[in-house]
């Protein structure tokens, strides 16, 4: 064989191996119960010998492990099922928001193995200082992950703002960030993760988008199309259509907090007037309930509102009802436009869902043309207030499941 032919054959063989690794690992990740090697051969159409070879590679690379065999009636040894490993690669999820920083580590199976939330008002803090605090929390997370036998393969950072393709934050109005080169600022610090082929060291994305992706890939799986709304000081939305995140022409979709619900209403930090977040953002709800935001620790505002509402306090109930009504007006417009049947309330809205859902549903019923024969479900997020950080970390491990050869080549 001539020298020009040898690399071609090797590339084809390597490509086939990569495809088989991804095919088998994907089946294991998606299975409702641990599949055996024979199950995988049937499901993938690969020979048993090929599946066995692929599984051995995945076991050696700490991507899968063998589950305890289930009891079996009759003769013969029960087959051992395969599950995603609880050691090996993991994803690092980071979030910068107006009044908190979050860091979490998620393993290959989607389990949260480390979570830290640091509460602080970050509006007066320079971006480089806020990111330096985040790096300190990430170092602690990395050390904890290592003690659990986990290697951080990559990181994703959630920010409540407009992010361009390079990871630069073009505008985060509630943080006061404009044209902040986040990757460049983070590069001044030691790497947060290990370098793994096919996995970016850092991805920066909108926090509502990452929260929506976390919800999409949670277990049990939810609907293929839905609107995920993150309610914090600002309000963002992640739009999922047919199992994929809708980003828009420039990747900046989902700014539901700046839809006007009162066109000549209160001025907003974005420069507009009457934006939704001025009526349904966390600070707006707290003020309407008669609570002084500055006197509430950042991590108790939502809990305090829920406590007062549970006790039937009139001002809190009125504030939540008014916020839910404003939110319902905006949501109804999105539902009319996109024909969605599920709305997920995340972030600070999740614990307040019992009081927000009724007025949101009332506005949907009154304003959505198809509501009479096509009802819309409004429910809290399954991931709760930290969906963005969990979704960020999950986006890293999904890259490994989709292309495991990079991890195995590194490990080998």
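Numbering (the working numbering), first residue to last: 419 to 830.
Even for Gly, the Cβ is constructed at its ideal location relative to N, Cα and C.
Owing to the predicted nature of the structure, the values given are computational and were not obtained by experimental measurement.
{"Item": "Rounded C-alpha distance that separates residue 653 from residue 738", "Value": "15 Å"}
{"Item": "Three-way DSSP call (helix, strand, coil) for residue 532 in this model", "Value": "strand"}
{"Item": "Per-residue DSSP class, three states only, for residue 462", "Value": "helix"}
{"Item": "Delimiting residues of the beta strand (DSSP E) encompassing residue 506", "Value": "506-514"}
{"Item": "Beta-ladder partner(s) of residue 653, from DSSP", "Value": "649"}
{"Item": "Delimiting residues of the beta strand (DSSP E) encompassing residue 765", "Value": "760-765"}
{"Item": "From 749, 662, 655, 659, residue whose alpha carbon lies closest to that of residue 673", "Value": "655"}
{"Item": "Straight-line gap, residue 690 to residue 704 (C-alpha atoms, nearest Å)", "Value": "22 Å"}
{"Item": "Nearest-angstrom Cβ-Cβ length linking residue 570 and residue 610, presumed shorter than 8 Å", "Value": "7 Å"}
{"Item": "Boundaries of the beta strand (DSSP E) in which residue 624 is found, first to last residue", "Value": "620-624"}
{"Item": "C-alpha gap between residue 592 and residue 627, whole angstroms", "Value": "17 Å"}
{"Item": "Beta-carbon proximity of residue 677 to residue 744, cut-off 7 Å", "Value": "no"}
{"Item": "Supposed contact pair residue 644 and residue 762 - C-beta distance, whole angstroms, cut 8 Å", "Value": "6 Å"}
{"Item": "Beta bridge counterpart(s) of residue 581 as assigned by DSSP", "Value": "587"}
{"Item": "Supposed contact pair residue 499 and residue 453 - C-beta distance, whole angstroms, cut 8 Å", "Value": "6 Å"}
{"Item": "Start-end ranges of the beta strand (DSSP E) lying completely within the region 672-703, minimum 3 residues", "Value": "none"}
{"Item": "Sequence-distant residues of the same chain with beta carbon closer than 6 Å to residue 750, five excluded per side", "Value": "781, 782, 785, 786"}
{"Item": "Outcome for residue 661 when other beta-carbon atoms lying within 10 angstroms are tallied against a minimum of 16", "Value": "exposed"}
{"Item": "Status (buried if at least 16 other CB within 10 Å, exposed otherwise) for residue 710", "Value": "exposed"}
{"Item": "Contacting residues, own chain, Cβ-Cβ under 8 Å from residue 451 (five flanking each side not counted)", "Value": "499"}
{"Item": "Best match in 813, 822, 825, 826 for proximity to residue 573 [C-alpha to C-alpha]", "Value": "813"}
{"Item": "Alpha carbon of residue 541 to alpha carbon of residue 594, nearest angstrom", "Value": "6 Å"}
{"Item": "With 16 other Cβ atoms within 10 Å as the buried cut-off, status of residue 712", "Value": "Its pLDDT being 49, under 50, residue 712 is placed unreliably in this model, and the coordinates cannot settle the point."}
{"Item": "Close beta carbons around residue 555, own chain, < 7 Å, minus the five adjacent residues each side", "Value": "519, 521, 534, 536"}
{"Item": "Residue 663 - containing beta strand (DSSP E), residue span", "Value": "662-664"}
{"Item": "Limits of the beta strand (DSSP E) - the one that residue 795 falls within", "Value": "795-798"}
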